[in-house]
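Chemist:
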Amino acid sequence: MAIDPGFLDELERYARAQKRNVASQFQGEQRSGERGEGLTFSDFRRYSPGDDTRRIDWKLFARTDEFYVKEYEAERNLTVHVLLDSSGSMGFASDGLSTKFEYGAKLGLGFAYLVARAHDDFRFATFTDDYERLDRGRSNRGEVLGLVDRLNATEPTGDADMARPLEAYADTIGSRSLVLVVSDCLEPPEEIERGLEALSRNKLVLARVMDPAERDLPVSGDALVEDMESPRTLRTHLGARRRERYRERLERHVEDVAERVRTLRARHELVDTGAEFFDSFGKVWVE
Numbered sequence: 001m002a003i004d005p006g007f008l009d010e011l012e013r014y015a016r017a018q019k020r021n022v023a024s025q026f027q028g029e030q031r032s033g034e035r036g037e038g039l040t041f042s043d044f045r046r047y048s049p050g051d052d053t054r055r056i057d058w059k060l061f062a063r064t065d066e067f068y069v070k071e072y073e074a075e076r077n078l079t080v081h082v083l084l085d086s087s088g089s090m091g092f093a094s095d096g097l098s099t100k101f102e103y104g105a106k107l108g109l110g111f112a113y114l115v116a117r118a119h120d121d122f123r124f125a126t127f128t129d130d131y132e133r134l135d136r137g138r139s140n141r142g143e144v145l146g147l148v149d150r151l152n153a154t155e156p157t158g159d160a161d162m163a164r165p166l167e168a169y170a171d172t173i174g175s176r177s178l179v180l181v182v183s184d185c186l187e188p189p190e191e192i193e194r195g196l197e198a199l200s201r202n203k204l205v206l207a208r209v210m211d212p213a214e215r216d217l218p219v220s221g222d223a224l225v226e227d228m229e230s231p232r233t234l235r236t237h238l239g240a241r242r243r244e245r246y247r248e249r250l251e252r253h254v255e256d257v258a259e260r261v262r263t264l265r266a267r268h269e270l271v272d273t274g275a276e277f278f279d280s281f282g283k284v285w286v287e
């Protein structure tokens with residue numbers, strides 16, 4: 001994957017072109033900048049050497065087997081959490097298009113950049129059957145540049161399991177936040193719902209990223225189909241009736257997931273990797 005750091009300059013031009021201040025998009029509260037014990041609880045972050053061990057959350061350690069410390073601030077600022085699917089299927093791309101992972105990563109980076117620009121906080125993680133936090137706890141342009149490097153070094157691989165990693169990540173969110181989940185959602189709808197339900201006490205947006213070829217299945221005749229999340233392959237013949245049944249089943253899956261998201265009072269956005277990026281980003285960013 002190769003997201004050019006110049007993408008941040010494109011985001012800056014996008015931000016300046018908006019008629020309203022992007023800082024008001026999610027109506028976050030202004031941060032006082034003062035952190036310490038005895039103030040308002042804000043969030044969790046992973047323990048670092050030198051942190052006060054009295055601030056370790058032992059209940060969270062028992063659930064995650066990871067050390068997290070509590071952060072406090074005088075007035076809670078908005079925190080935006082980006083959770084990006086990095087399973088093998090996200091590495092798919094039609095000829096001439098970005099992979100779903102690269103397109104989704106740019107969506108997440110757009111949120112991170114605009115949130116940091118508004119002096120609010122972001123967290124950024126990838127997930128397959130577990131999650132991996134990619135940010136270093138700083139919400140500024142330098143941190144976003146670091147994310148570009150770390151995302152470029154990430155190779156989509158493995159099986160997706162939205163329920164387990166999203167449930168585990170939900171335990172680390174200490175205050176009501178905005179959560180953006182970016183995934184192709186190629187799992188049973190009930191498993192997707194289970195993961196999203198754990199996050200639904202926050203303002204929640206699901207961006208479902210799809211490649212045009214997945215939706216239209218343009219190939220026909222004899223074909224070798226490869227599972228991108230396992231070594232399995234399938235030789236088959238794709239006639240008109242089989243392709244039509246595929247499209248019908250996919251449409252039912254999309255509608256099922258969308259309805260479950262709405263039931264959680266969350267927002268579902270379908271994102272096509274064949275679309276101009278900032279058209280897609282504007283749809284996801286602006287409610």
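Residues in the sequence shown are numbered consecutively from 1, following the UniProt record's numbering.
Where a beta carbon is used, it is the ideal one built from N, C-alpha and C, also for glycine.
Quick caveat, the model's predicted, so the values are computed rather than measured.
1) In three-state DSSP terms, what is residue 59?
2) Can you give me the C-alpha to C-alpha distance between residue 160 and residue 169, rounded to a whole angstrom?
3) Less than 8 Å between the CB atoms is what I'm expecting for residue 210 and residue 187, so what's the real figure, rounded?
4) Within 8 Å, do at least three Cβ pairs link the segment 82–101 to the segment 48–61?
5) Which one of 193, 219, 279 has the shortest CA to CA distance from residue 262?
6) Spatial neighbours of residue 86 within its chain, please: C-beta separation below 7 Å, excluding the five flanking residues on both sides.
7) Drop a sphere of 10 angstroms on the beta-carbon of residue 35, count the other beta-carbons inside from all chains shown, and report buried for 16 or more, exposed for fewer.
8) Would you tell me roughly how many angstroms separate the C-alpha atoms of residue 11 and residue 267, rounded to the nearest one?
9) For the beta strand (DSSP E) that contains residue 207, what are its first and last residues?
10) Straight-line CA distance for residue 252 to residue 49?
11) Hey, out of 63, 5, 173, 88, whose CA is closest to residue 185's CA?
12) For a test of the three-state rule: what should DSSP assign to residue 78, helix, strand or coil?
Modeler: If we stick to the structure as given:
1) helix
2) 15 Å
3) Contact flag wrong, Cβ pair sits at about 14 Å.
4) no
5) 193
6) 101, 126, 127, 128, 154, 156
7) Confidence in residue 35 is poor, its pLDDT being 44 and thus under 50, which makes the residue's placement unreliable; the coordinate value appears in the next sentence. It counts as exposed.
8) Approximately 23 Å between the Cα atoms of the pair.
9) 203–210
10) 50 Å
11) For residue 185, the nearest C-alpha among the options comes from 88.
12) coil
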